[in-house]
Amino acid sequence: VSIARGINDQNGNPDRLGLQDVNPIFTWVRLAQRIPVRIHLDHVPDSVTLAAGMTCTVTVGPQSRSQKGHLTTWLQDHL
């Protein structure tokens, strides 16, 4: 068992860092529609490591006090 912060496309050359080798067949999951966005986080706690290629879900709607910081809180709880 290994844990990595990235994956390596099976058709590419093996990565010297030993990234996970994932077969690029997606019959087991429905790929979501993806659009590029820029997100600015005011504060990222020292205990949270962000890496290129990570996935997140962004909720867009009216700002309310209960939703402020929701993304940062989720990152703290799940990473």
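Residue numbers are given in the working numbering: position 28 of the sequence shown equals residue 28, and the series is strictly consecutive. Each residue gets a CB set at the ideal place from its N, CA and C atoms; glycine is no exception. Remember, it's a predicted structure, so these values are computed and weren't measured experimentally.
C-alpha gap between residue i and residue j, whole angstroms
| i | j | result |
| --- | --- | --- |
| HIS78 | THR49 | 11 Å |
| GLN76 | SER47 | 8 Å |
| THR55 | PRO45 | 18 Å |
| PRO36 | HIS70 | 20 Å |
6 Å Cβ shell around residue i - same chain, five flanking residues per side excluded
| i | result |
| --- | --- |
| SER2 | A caution first: SER2 carries a pLDDT of 49, below 50, which makes its placement in the model too unreliable to give a value. |
As assigned by DSSP and simplified to three states, the class of residue i
| i | result |
| --- | --- |
| HIS78 | helix |
| GLN71 | Just to set this straight, residue 71 is Leu in the shown sequence, not Gln. Here LEU71 sits in helix by DSSP. |
Cβ distance (whole Å) where residue i is taken to contact residue j below 8 Å
| i | j | result |
| --- | --- | --- |
| THR73 | HIS43 | Rounded, the Cβ-Cβ distance is 11 Å, inconsistent with contact. |
| VAL58 | ILE39 | 7 Å |
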